[in-house]
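S.K.:
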Amino acid sequence: MKGVGLRRLTFMFLVAFLVWSSSIETCIARKSKHWRQRRHAASVSLYKKKTKDHSHGHHNYHNGGTKTKPPPYKTTPPSPKVKAPPSPKPKVKVPSIPPPQKGYGNGQQSKVFDVLHFGAKGDGKTDDTKAFQAAWAAACKVQASTVVVPAKFIFLVGPISFSGPYCQANIVFQLDGTIIAPTDSKPWGKGILQWLEFTKLKGITVQGKGIIDGRGSGWWLDAPYEDPYDDERKLIIPLNNTVQERPPMPARNELSGKMPSIKPTALRFYGSFNVTVTGITIQNSPQCHLKFDNCIGVVVHDMSVSSPGDSPNTDGIHLQNSKDVLIHATSLACGDDCVSIQTGCSNVYIHNVNCGPGHGISIGSLGKDNTKACVSNITVRDIMMHNTMNGVRIKTWQGGSGNVQGVLFSNIQVSEVQLPIVIDQFYCDKRTCKNQTAAVALSGITYEKIRGTYTVKPVHLACSDSLPCIGVTLSAIQLKPMQERYHLYDPFCWQSYGELTTPTVPPIACLQIGKPPNNRVQSNYDVC
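Here the sequence shown stands for residues -29 to -1, 1 to 499, where the numbers follow mature numbering (1 follows the signal peptide of the UniProt record, and there is no 0).
(1) Residue range of the alpha helix (DSSP H) that glycine 189 falls in?
(2) Leaving out five residues on either side along the sequence, give the residues of the same chain with a beta carbon under 6 Å from the beta carbon of cysteine 111.
(3) Closer than 8 Å is the cut-off here; do at least three beta carbon pairs connect the region 323 to 336 with the region 294 to 313?
(4) Ignoring anything shorter than 3 residues, give me the beta strand (DSSP E) runs that lie fully in the region 370 to 422, in order along the chain.
(5) Closest by CA to glycine 93, which one among Ala152, Ile142, Val83?
(6) With 16 as the cutoff for other CB atoms within 10 Å, does threonine 236 come out buried or exposed?
(7) So, under 8 Å CB-CB, residue 521 and threonine 426 are touching, yes? Tell me the CB distance rounded to an integer number of Å.
(8) Which residues in the same chain as glutamine 114 place their Cβ atom closer than 7 Å to its Cβ, once the five residues preceding and following it in sequence are excluded?
(9) So methionine 356 and isoleucine 383 are supposed to be a Cβ contact under 8 Å. How far apart are they, rounded?
(10) Quick one: grab the DSSP three-state call for proline 158.
(11) Under the rule that 16 or more other beta-carbon atoms within 10 Å means buried, what is lysine 486, buried or exposed?
(12) Inspect the beta-carbon positions of leucine 471 and isoleucine 441 and report whether they are closer than 9 Å.
(13) Give me the DSSP bridge partner(s) of arginine 364.
(14) With a threshold of 8 Å on Cβ separation, who are the neighbours of aspartate 273 within its own chain once the five nearest residues in sequence on each side are excluded?
(15) Between which two residues does the beta strand (DSSP E) carrying lysine 294 extend?
(16) Please list, in chain order, all residues of the same chain as cysteine 399 whose beta carbon is under 6 Å from its beta carbon, the five residues on each side excluded.
(17) Residues in its own chain within less than 7 Å of proline 488 by CB, not counting five upstream and five downstream?
(18) Is it right to say alanine 102 is buried, meaning 16 or more other beta carbons lie within 10 angstroms of its own, or is it exposed?
(19) Skipping 5 residues on each side, what residues in its chain have a beta carbon closer than 6 Å to that of glycine 174?
(20) According to DSSP, simplified to helix, strand and coil, what is lysine 262?
(21) Out of Gln313, Gly331, Gln104, Ile312, which one is the CA nearest neighbour of glycine 280?
(22) As an exercise, report each continuous alpha helix (DSSP H) stretch of at least 4 residues that is fully enclosed by the region 79 to 167, in chain order.
(23) Work out the CA separation of threonine 403 and lysine 205 for me, nearest whole Å.
(24) Determine the contact status of leucine 297 and tyrosine 320, defining contact as a CB-CB distance below 9 Å.
(25) Pick helix, strand or coil for asparagine 318, following the three-state DSSP scheme.
(26) If we ignore side chains and look at the alpha-carbon of each, how far apart do threonine 285 and glycine 306 end up?
(27) With respect to the beta strand (DSSP E) encompassing proline 452, which residues constitute its N-terminal and C-terminal limits?
(28) Would the region 162 to 170 and the region 359 to 369 be scored as touching if the rule is three or more Cβ pairs under 8 Å?
(29) Give the single residue among His88, Ile253, Ala344 whose Cα lies nearest to the Cα of isoleucine 312.
(30) Taking DSSP as the reference, what is the three-state secondary structure of glutamate 455?
(31) For valine 411 and valine 375, which I take to be in contact (beta-carbon distance under 8 Å), what is that distance rounded to the nearest angstrom?
(32) What residues in its chain sit with their C-beta under 6 Å from that of threonine 350, if we drop five residues either side in the sequence?
(33) By the 10 Å Cβ neighbour count, where 16 or more other Cβ atoms means buried, how is proline 257 classified, buried or exposed?
(34) To the nearest angstrom, report how far apart threonine 444 and aspartate 264 are at their CA atoms.
(35) Could you check what DSSP says for leucine 482 in three-state terms: helix, strand or coil?
(36) With distances taken from CA atoms, which of Ala106, Asn211, Ser278 is nearest tryptophan 191?
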């Protein structure tokens, strides 16, 4: 019994030990699981932080980077993070602001070139010539570019040439401000024939609402007796029976006597194709205001010329060796011909023009110094003339050659015009000219619908003795006298042949009907 009791006691002790061991393992297991969870959480947190920090440092663990092992777990809580002060930003050198671009606008390449962006001041005192040259040089390289002369500025510009022939086509000179000429003699040297010049260009347009002011009063009185004067003055006899040999001169000023004897044209175009001038005003030129020489395809419209009626030799528009010319919707006031058509001109059409004061619209003078002159296909119509010396006329020198043919003067309204209809083949703008037999041949000249008032003589047709005018047609002429300061004269004709297609007022009985009896066959000397 005692042995059985001992075995029971041993068995019970063994069971109790096993139960106690099992509880200890369970506790240890739970503690181990809890430690793994805390360690795993800490590892994930540290991994995320490291990954974030390394991503800011541009490390790439997929490309051979070494991954750092997380630190061993610490039972003490981590100390609070202290935010490091931001590192100072590196100093960056700020670039200087570039000057305004030379040209502005949208697109791959600028096409607009403002003279202000090239250094022009526009204060009316600073010489802006170089700025204009620079703006043109830039625009010259760009097709269909625009040079801008902005409004509300006054630019002092000396003699300048905006020249090709290597410029791109279709350049626009946008003139909205005012350009003034120097009034001191230094920029002009010994004398320059033009002030502003455009040469050898294709498709050049000068447009805008601006002004070109030649400030020519200082030139007008210098050596007046050396300058040519209009020969038609010999026909104008005041009522006091004294011939006015020279036109009245403007009042003298402090500039007279200081300028060169050669007087410049204000604006000249030479050797260019497809030229347009519109919108602008040209005023007070020292000599001619607007000149076209050796140009083809000229259009002038909606512009004006303004100078005193007593300013000498200040033609409004001067055409020479130019073809395919259109002038319309223009107002011309000057001291010489409103429009002057010289040798080498053909296909010229002038209409809707106001002329006055001035010397009318003229073909010539032609054949000076025994030269050959050729003019053809000229139309002048729908013109208003007020207070001019001449209306429409043709003037040639003795000794010249060549011919003028195919001319129409139509619908010309004259008001207080001294000599409305003129052909003068004895023109001489000097004191004396020698008589010569050779002459420029005139044929196919038509005057129709010439109406209004005259103050000296309605018609003056003085043709060459050796080469009479032929094909002169007069139609619907209605001219009434207005007695003012001059003697009035009847119509005058000499060696003029043609026809009267309607009755005229006054009667023009002096025109010889038909052809001259000894009509000379045109020779090679006359052919153009």
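In this text, a Cβ means the ideal position worked out from N, Cα and C, and glycines have one as well. Predicted model, so just to flag it, every value in this text is computed and none were measured.
M.R.: By the coordinates alone:
(1) Counting along the chain, the alpha helix (DSSP H) containing glycine 189 begins and ends at 188 to 191.
(2) These residues qualify, in order along the chain: Cys138.
(3) At 8 Å Cβ cutoff, the stretches touch.
(4) The region 370 to 422 contains, as complete beta strand (DSSP E) runs of 3+ residues, the segments 372 to 388, 390 to 395 (chain order).
(5) The shortest Cα separation from glycine 93 among Ala152, Ile142, Val83 belongs to Ala152.
(6) Under this definition threonine 236 is a buried residue.
(7) Only positions -29 to 499 of the chain appear in the structure, and residue 521 is not among them; the question remains open.
(8) These residues qualify, in order along the chain: Gln139, Ala140, Asn141.
(9) Contact annotation, methionine 356 with isoleucine 383: C-beta distance approximately 7 Å; criterion of less than 8 Å satisfied.
(10) Helix.
(11) Classified as exposed, lysine 486 has fewer than 16 neighbouring CB atoms from the shown chains inside 10 Å of its CB.
(12) Result no, Cβ atoms of leucine 471 and isoleucine 441 do not sit closer than 9 Å.
(13) Under DSSP, arginine 364 takes part in a beta bridge, and its partners are Ser333, Val393.
(14) Around aspartate 273: Thr249, Gly250, Ala300, Thr301.
(15) Unbroken beta strand (DSSP E) run through lysine 294: 294 to 304.
(16) The beta carbon of cysteine 399 sits closer than 6 Å to those of Asp202, all from its chain and outside the five residues before and after it, given in chain order.
(17) Excluding residues within five positions, none has a Cβ falling inside 7 Å.
(18) Around the Cβ of alanine 102, a 10 Å sphere holds 16 or more other Cβ atoms; the residue is buried.
(19) Shown here for glycine 174: same chain residues with a beta carbon closer than 6 Å to its own, the five before and five after excluded, namely Ala140, Asn141, Asn245 in chain order.
(20) Lysine 262 falls in the strand class under three-state DSSP.
(21) Checked all of Gln313, Gly331, Gln104, Ile312; the closest Cα to glycine 280 is Gly331.
(22) Segments of the alpha helix (DSSP H) lying fully in the region 79 to 167: 100 to 110.
(23) Spanning the two alpha carbons is a distance of roughly 12 Å.
(24) Between leucine 297 and tyrosine 320, the C-beta spacing is below 9 Å.
(25) Asparagine 318 falls in the strand class under three-state DSSP.
(26) Taking the straight line from one Cα to the other gives about 5 Å.
(27) Per DSSP, proline 452 belongs to the beta strand (DSSP E) from 449 to 452.
(28) The region 162 to 170 makes no contact with the region 359 to 369, as fewer than three CB pairs between them are under 8 Å.
(29) Of His88, Ile253, Ala344, the smallest CA-CA separation from isoleucine 312 is found for Ala344.
(30) When secondary structure is reduced to three states using DSSP, glutamate 455 falls in the coil class, being assigned neither helix nor strand.
(31) Cβ atoms of valine 411 and valine 375 come within 8 Å of each other, at about 6 Å.
(32) Cβ neighbours of threonine 350 beyond the five flanking positions: Tyr320, Leu379.
(33) Buried, by the Cβ-count rule.
(34) Rounded to the nearest angstrom, the gap between the Cα atoms of threonine 444 and aspartate 264 is 30 Å.
(35) It is coil, neither helix nor strand.
(36) Of Ala106, Asn211, Ser278, the residue nearest in Cα terms is Ser278.
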